[in-house]
Structure formats: structure tokens, C-alpha cells
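Student: If you read the sequence shown in the UniProt record's numbering, its first letter stands for residue 1, the second for the next number, and so on. Ideal placement from N, C-alpha and C gives every residue a C-beta, glycine not left out. Note that the structure is a prediction, hence the values are computed from the model and not measured.
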Amino acid sequence: MSKHIAILPGDGIGPEIIAQAVRVLDKLIAEGLDADYQYAPLGGAAYDEYGHPYPEFTQNICRQVDAILLGAVGGPQYDKLERPLRPERGLLAIRKDLNLFGNLRPAILYPELANASTLKPEVVSGLNILIVRELTGDIYFGEPRGIHTLPNGEREGINTMRYSESEIRRIGKIAFEAAQKRNKKLCSVDKANVLETTELWREIITDISRDYPDVSVTHMYVDNAAMQLVKAPKQFDVIVTGNIFGDILSDQASMLSGSIGMLPSASLNEIGKGMYEPSHGSAPDIAGQNLANPLATILSLAMLLRYSLYNEHAAQRIEQAVGKVLAQGLRTSDIFEEGCQRVSCSQMGDAVLAAL
Ligand code: NAD
Ligand code: IPM
Ligand code: MN
């Protein structure tokens, strides 16, 4: 049965990087992959067209398809809009609407990029970490929230960190199962010394760990985890953490793999439906210049094929093609180093297609 994919280019560099991933998808379809796709707007592009960052048009398509490929959303021209209309709210809304609570962000260092990282090659070589970030709870969604005026006339901003037991259990299960398929080491990151929400987090993760006796679990405070990630990143196999800590730690981990332009992600619900997107944003500083690194998006397409289309072979073909172009010495500006050939976003797409 043919699989249906929604493509959401988004804003900034989104359309440029998505165009390269779609060329790869087109080639796979031409060679017999049983899938089709349609475009829909999200974020600022959707606000421009429909007056809302996650309009009904996009909702209807995204609820029906098997998988979604997203570029990125956001841009300075939208930062003055009232909050519910901002592009970032569209992204949070689609994650919540489709219950995409399980966010997988693999930070893998391709050996060819050992010198692209700002850390010493021996610290990062061979690095392969999976960050499992909870994506539909925490301070991102907790109520009450907002900015209100106190009796004395000054304003106060409020956000609420909260997690229910069941939310912690379901993300914990994803993380333990991922660890079982890898090196069987799970580090749960929290701030249980200060925050009750994460005290409960630690208690529940400890409780679930009894069901996975083959996985060794450690717990680490988030401040220490941030330090350990740059000091000795290879001590980690799978990291599981909440929404806000996962957001920050995954950007940090991206630099271990050379550039944020290399880090793909999958956001999954309980039934294998997923949204796939690079972990970076819309990079307004380089948008429209054909400079962006499309590899995180192309690698996100590989994750889409693996987790939602159950096509491991096609996923590996893409990942190997990416390895090949890096071995050929082709680099976009974000991963450029002396002795390599600097290429544009679309030239990188050309090279991946040729290597496929
Ligand atoms: P960003 O990730 O867009 O950019 C940070 C830096 O990394 C910039 O210097 C940018 O040029 C560079 N960069 C990012 N992706 C790159 C790529 N593929 N190739 C080369 N360089 C790349 O983060 P930001 O500047 O904090 O945010 C910009 C906008 O993106 C904001 O509106 C923000 O809300 C939004 N954002 C969206 C997402 C998403 O859609 N998932 C994620 C993060 C930020
Ligand atoms: C990400 C982004 C989003 C997040 C923003 C744009 C809402 O930073 O996908 O990492 O914070 O989750
Ligand atoms: Mn982020």
C-alpha cells in the first residue's frame, strides 16, 4: 500500500534544505519506492497564506499522512506577532496535535568531520549518542502561563514545569527500548535536587528500569550533564530527558558532530507516525543564499524511511551516500575546513544524489 508523506518546507532556509531532500525522495520513488507526497505550509509561511501558523488545511493533510518531513520555521519578521500566531507556536501545535511526544536526536560524528568539531578530535571521534527528548510536555505546555500584572502594577511572566507519571513512563519506555538496541546504557538527565517535577521524573525512571534489567541506568543533574557532554561525550550512549533540557542539550550535542547542520531528528507518537526535521532552526542569517547545509534534512528523510516507512534499506542507502560525499571532501560552509571543497546547498544535494 502506498505511503503518504506531507512535506512542510516552512521558513528561512527551510525551503532550500527541503528541496534537496525532496530530490532524494524523488529518486527513490522513481526507482520504485511506493510513496507519494504533497506540500503544506507551516509556521510563518502558513501565517502569510492562511493567517495561522498551523491552519486547518495543514492539519487535515498532516492528520491523514503516514509521515511528515519538515524544514524549519520562524524568522525575525514574525517575532512581533502576538504569541499564538507565531511560527514557533505552529510547530508546538502540530507536535501536540499529533501527539509526537518521543523526540529522537542522534548525534553521530562522521569520521570525516572529526576536525569540523570545535572539540579535539580524540574527544569526539567515534561519537554516537542518542538524545531522547520528551516533546509534548514540560514547561513548554504547562499551565498557567502568560504575562500578567501584579497588584503593585509591575508585570510578571509565568511558565509552569509539569509532568504526569504517564508522560514520564511513555518516554522512559522509548528510551529504555532504544538503549536495549544500542549499548544498553541510559543516562536520565534531570534537576531532581531542586525541581519536584524532575524528582518525580527520577522516581519513575528508576521504577521502569526494573523492567529492563539488561540496561544500566544512571541519573545526572542537567548542569553536570552539560559539562560532561563537552568534557567526555563518549561516556554517553542514550540520554533521556524532558522537553526544555532536551532542547538545550541537543543543540550542544550537535556541535560534537561538527555542526548543527548535521543533526537530524524524529518525533514519534505511539503508533509509528512521525514528523522528521533537522534539529536546527530557519537560520535567517543565511536564508536565501544557497549556503545552508542540507544534510540534517536529508538524514531526517532517512529516519522517516526507517521509522515510518519501515524501509531500513533505503534509510541506509541515504546515510551511506552522505558518508560518501563527506569522504569526497565536499563541505558546506558550516563544516568547511582547509583542503576540502566548499559547496553550496544545492551542490551538496547534487553530490548526495550522485552518491546514492
Ligand atoms: P538556528 O538553528 O536557526 O541558527 C543558529 C545558527 O546555526 C545560525 O548561525 C545559523 O546560520 C546556523 N545554522 C543553522 N542551521 C544551519 C544549516 N543547516 N547550515 C548551516 N548553518 C546553519 O537558531 P536561531 O538563530 O536561534 O533561530 C532562528 C529561527 O529559527 C528562530 O525564529 C527560531 O525560533 C527558529 N527555530 C526553529 C526551529 C525548528 O523549526 N525546529 C528550531 C530552532 C529554532
Ligand atoms: C527545536 C526548536 C523548537 C523547540 C522551537 C522553535 C519551538 O528549538 O525544535 O529544537 O524549542 O522545541
Ligand atoms: Mn531547539
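Relative to the alpha-carbon of Glu270, which residue among Leu353, Gly14, Leu100 and Pro41 has its alpha-carbon at the smallest distance?
Tutor: Leu100
Student: Which residues does DSSP list as the beta-bridge partners of Asn128?
Tutor: DSSP lists Ile108 as partners of Asn128.
Student: For Met255 and Ser267, which I take to be in contact (beta-carbon distance under 8 Å), what is that distance rounded to the nearest angstrom?
Tutor: Not really, about 21 Å apart at Cβ, beyond 8 Å.
Student: According to the neighbour-count rule (16 or more other Cβ atoms, all chains shown, within 10 Å of its Cβ), is Gly157 buried or exposed?
Tutor: exposed
Student: So is the beta-carbon of Ser282 under 7 Å away from any non-hydrogen atom of the ligand NAD?
Tutor: yes
Student: Helix, strand or coil for Arg317, going by three-state DSSP, please let me know.
Tutor: helix
Student: With respect to the alpha helix (DSSP H) encompassing Glu16, which residues constitute its N-terminal and C-terminal limits?
Tutor: Gly14 to Ala30
Student: In the DSSP assignment, find the unbroken alpha helix (DSSP H) run with Glu156 in it and report its ends.
Tutor: Here Glu156 belongs to no alpha helix (DSSP H); instead the beta strand (DSSP E) covers Arg155 to Ile158.
Student: Cα separation between Ser188 and Tyr39?
Tutor: 37 Å
Student: Buried or exposed: which applies to Arg86, given that a residue is buried once 16 or more other Cβ atoms fall within 10 Å of its Cβ?
Tutor: buried
Student: Please tell me whether Ala314 and Leu130 are closer than 8 Å, where the distance is taken between their beta carbons.
Tutor: no
Student: Mind checking whether the beta-carbon of Asn251 lies closer than 7 Å to any heavy atom of the ligand MN?
Tutor: Checking the sequence, you will find Asp at residue 251 rather than Asn. At least one heavy atom of the ligand MN is nearer than 7 Å to the Cβ of Asp251, so yes.
Student: Between the C-alpha atoms of Gly257 and Val124, what's the straight-line distance to the nearest angstrom?
Tutor: It should be noted that the sequence gives Ser, not Gly, for residue 257. Distance between the alpha carbons of Ser257 and Val124 is about 8 Å.
Student: Let's see if you can read the secondary structure: which residues bound the alpha helix (DSSP H) around Lys181?
Tutor: Glu165 to Lys181
Student: Can you say whether Ser308 is buried or exposed, counting buried as having 16 or more other CB atoms within 10 angstroms of its CB?
Tutor: buried
Student: Is Gly14 close to the ligand IPM? I mean its beta-carbon at under 7 Å from any heavy atom of the ligand.
Tutor: no
Student: For Ala72, list the residues DSSP reports as bridge partners.
Tutor: Gly10
Student: Check whether the region 165-183 touches the region 191-205, counting contact only when three or more Cβ pairs, one atom from each stretch, lie closer than 8 Å.
Tutor: yes
Student: Give me whichever residues DSSP pairs with Glu274 in a beta bridge.
Tutor: The sequence shown places Gly at residue 274, rather than the Glu named in the question. Looking at the DSSP assignment, Gly274 forms a beta bridge with Ala67 and Leu268.
Student: Could you say which of Glu199, Gly329, Ile286 and Ile244 lies nearest to Asn115 if we only look at CA atoms?
Tutor: Gly329
Student: Which residues does DSSP list as the beta-bridge partners of Met220?
Tutor: Val189
Student: Here's a check: name, in chain order, each residue in its chain whose Cβ is nearer than 6 Å to the Cβ of Thr198, leaving out the five neighbours to either side.
Tutor: Only Asp190, Lys191 and Ala192 meet the Cβ criterion.
Student: Three or more beta-carbon pairs under 8 Å between the region 53-61 and the region 287-300, yes or no?
Tutor: Three or more Cβ pairs closer than 8 Å define a contact, and the region 53-61 falls short of that threshold against the region 287-300.
Student: Does Ser2 pass the burial test, meaning 16 or more other C-beta atoms within 10 Å, or should it be called exposed?
Tutor: exposed
Student: Starting from Tyr37 and walking both ways along the beta strand (DSSP E), at which residues does that stretch end?
Tutor: Ala35 to Tyr39
Student: Is Asp247 near the ligand MN, going by C-beta to nearest heavy atom under 7 Å?
Tutor: Yes; taking the cut-off as 7 Å, the Cβ of Asp247 has a heavy atom of the ligand MN nearer than that.
Student: With respect to the beta strand (DSSP E) encompassing Gly146, which residues constitute its N-terminal and C-terminal limits?
Tutor: It spans Gly146 to Thr149 - the beta strand (DSSP E) in which Gly146 sits, taken as one unbroken run.
Student: Beta-carbon within less than 8 Å of Leu290's beta-carbon, same chain only, minus the 5 sequence neighbours each way: which residues are those?
Tutor: Looking at the sequence shown, residue 290 is not Leu but Asn. Here the set comprises Glu16, Ser344, Cys345 and Ser346.
Student: At a threshold of 7 Å, does Glu82 count as lining the ligand IPM (C-beta to nearest heavy atom)?
Tutor: no
Student: Kindly indicate which three-state DSSP category Asn103 falls into: helix, strand or coil?
Tutor: strand
Student: Which of the three DSSP states is assigned to Leu295 in this structure?
Tutor: helix
Student: State the DSSP-derived secondary structure class of Val238, mapped to helix, strand or coil.
Tutor: Judged by DSSP in its simplified three-state form, Val238 adopts strand.
Student: Between the beta-carbon of Lys185 and the beta-carbon of Phe141, is there less than 8 Å?
Tutor: no
Student: With a threshold of 16 other CB atoms inside 10 Å of the CB of Lys273, please say whether the residue is buried or exposed.
Tutor: buried
Student: Please report the distance separating the alpha-carbon of Ser265 from that of Ala302.
Tutor: 10 Å
Student: Spatial neighbours of Asp334 within its chain, please: CB distance less than 7 Å, with the 5 preceding and 5 following residues excluded, ordered by chain position.
Tutor: In chain order, Ser259, Gly261 and Asn293 place their CB closer than 7 Å to the CB of Asp334, counting only its own chain and leaving out the 5 sequence neighbours on each side.
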